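In my numbering, the protein residues as written are 21 to 368.
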């Protein structure tokens, strides 16, 4: 990690984040043969080099031309990291002007999941999320997103990626799709799409494109089955009603390779009653899905309170009794402000 250098924004052109087509364009621009794109991809994503001069099967002339054109590998070291008592690691990376971004590594026995950010801040303004409270400061590039995967501590041991960090992934879909291609393509990191989950509030046009162009798992933030109450928690209900989102999801086959889940953060006296569990089961009836119940992590300035463990268990059991698979997600990293809804990045 020590040889990963920081780059000033706008002065260099990162090679990481480029798909094979993008690398072909670079090769053509630099007078290199077409097959050089595949060579660069192997160095970037399989061998994970940090400097162009490490790409030793490219000629010295080609490497010099890349440098002369302003290209760099583009790897950036984390700015800081914090470690939780439960093993969770929160990592701060350079983000957009005015706001750096955080990603989280969650170890769990033989698994290591990276919660990756796609934006600096977020436009969705969900009332229970610290990221949304920060406002939106800009989209991350594909290079900045894949850099989180390549540069977090223990990156070689990662088994899963979840786009559940800062930002709404479908609000920055182009770079997110490029990163998914890099993660899953045989010329890239060559993961199965079953190792990747994209979480969203349900932007409809972008959701349809994600479903059409990828086979990754999908997680939808719902948080209340009643539209008016969901709108109070998530203003985007006005633009993307949950009934419309569910209608889109019913058209997709989630019975085999792809998994569908719904994220449901539980607030005391707000969305944790039997009335809510019954309506949630009714809305999801017939969908091959699961519900992840999430304990709300209180933060300064929020009037919401977490549901009790007993109420969460009752809610889970009620859903299971209605034929809806529901589990309570274990809370990780709360002591370092790395748990669900707590990522806020750092103001510059």
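Ideal Cβ positions, reconstructed from N, Cα and C, are used throughout, including at glycine.
Since the structure is predicted, the reported quantities are computational estimates derived from the model, not experimental observations.
**Message:** Determine whether the beta carbon atoms of residue 132 and residue 190 lie at a separation below 8 Å.
**Reply:** no
**Proximity below 8 Å, CB of residue 282 to CB of residue 240** = Their beta carbons are under 8 Å apart, which means residue 282 touches residue 240 by this criterion.
**Asked** Roughly how many angstroms lie between the CA atoms of residue 276 and residue 307, to the nearest whole one?
**Response** 13 Å
**Item:** Cβ separation of residue 78 and residue 36, assumed to be a contact under 8 Å, to the nearest whole Å
**Value:** Not quite, the Cβ-Cβ distance comes to about 16 Å (not below 8 Å), so this is no contact.
**Message:** Within 10 Å of its beta-carbon, does residue 95 have 16 or more other beta-carbons around it, so buried, or fewer, so exposed?
**Reply:** buried
**Asked** Which word fits residue 81, buried or exposed, when buried means at least 16 other C-beta atoms lie within 10 angstroms of its C-beta?
**Response** exposed
**Message:** Rounded to whole angstroms, what is the Cα-Cα separation between residue 33 and residue 155?
**Reply:** When rounded, the distance between both Cα atoms is 27 Å.
**Item:** Inter-residue spacing [alpha-carbon to alpha-carbon] between residue 86 and residue 170
**Value:** Residue 86 and residue 170 have their C-alpha atoms some 21 Å from each other.
**Request:** Output the distance between the C-alpha atoms of residue 92 and residue 153, rounded to the nearest integer angstrom.
**Result:** 34 Å
**Request:** Give the secondary structure of residue 71 by DSSP, where H, G and I count as helix, E and B as strand, and everything else as coil.
**Result:** Here residue 71 sits in coil by DSSP.
**Prompt:** Looking at residue 204 and residue 195, is the spacing between their C-beta atoms short of 8 Å?
**Reply:** no
**Request:** Could you give the DSSP three-state label for residue 139: helix, strand or coil?
**Result:** If DSSP states are grouped into helix, strand and coil, residue 139 belongs with the strands.
**Prompt:** For residue 290, which residues of its own chain have a beta-carbon under 7 Å away from its beta-carbon, when the five flanking residues on both sides are left out?
**Reply:** 324, listed in sequence order.
**Sequence ranges, alpha helix (DSSP H) only - wholly within the segment 164-224, length at least 4** = Listed in chain order, the complete alpha helix (DSSP H) runs (minimum 4 residues) inside the segment 164-224 are 193-204.
**Asked** Ends of the alpha helix (DSSP H) at residue 158?
**Response** For residue 158, no alpha helix (DSSP H) segment is defined; the enclosing uninterrupted segment is the beta strand (DSSP E) at 156-159.
**Message:** So for residue 276, helix, strand or coil by DSSP?
**Reply:** coil
**Prompt:** In whole angstroms, what is the alpha-carbon distance linking residue 62 and residue 332?
**Reply:** 47 Å
**Item:** Which residues DSSP lists as bridging residue 284, in chain order
**Value:** 313
**Request:** Throw me the rounded Cβ distance for the residue 188 and residue 142 pair, which I believe falls under 8 Å.
**Result:** For residue 188 against residue 142, the beta-carbon gap comes to about 6 Å, under 8 Å, which counts as contact.
**Request:** Go to residue 237, then tell me how far its beta strand (DSSP E) extends in each direction, as first and last residue.
**Result:** 237-241
**Asked** Should residue 254 and residue 146 be called a contact, given that it needs their Cβ atoms to be closer than 8 Å?
**Response** yes
**Prompt:** In this structure, does DSSP put residue 100 in helix, strand or coil?
**Reply:** strand
**Request:** With distances taken Cα to Cα, identify the nearest neighbour of residue 312 among 293, 321, 299 and 340.
**Result:** 340
**Request:** Could you tell me if residue 114 is buried or exposed, where buried requires 16 or more neighbouring beta carbons within 10 angstroms of its beta carbon?
**Result:** buried
**Asked** From residue 330 to residue 318, what distance separates their C-alpha atoms?
**Response** 18 Å
**Residue from 159, 167, 116 and 219 with nearest C-alpha to residue 183** = 219
**Asked** Roughly how many whole angstroms lie between the Cα atoms of residue 84 and residue 134?
**Response** 35 Å
**Request:** May I ask you to report which of helix, strand or coil DSSP gives residue 132?
**Result:** strand
**Asked** If you check the beta carbons only, do residue 303 and residue 351 fall under 8 Å apart?
**Response** no
**Message:** Need the endpoints of the alpha helix (DSSP H) that residue 152 sits in, please.
**Reply:** 150-153
**Item:** Proximity below 8 Å, CB of residue 297 to CB of residue 246
**Value:** no
**Request:** Would you kindly work out how many angstroms separate the C-alpha atoms of residue 98 and residue 186, rounded to a whole number?
**Result:** Roughly 16 Å separates the two Cα atoms.
**When 180, 121, 173 and 88 are compared against residue 161, the one with the closest alpha-carbon** = 121
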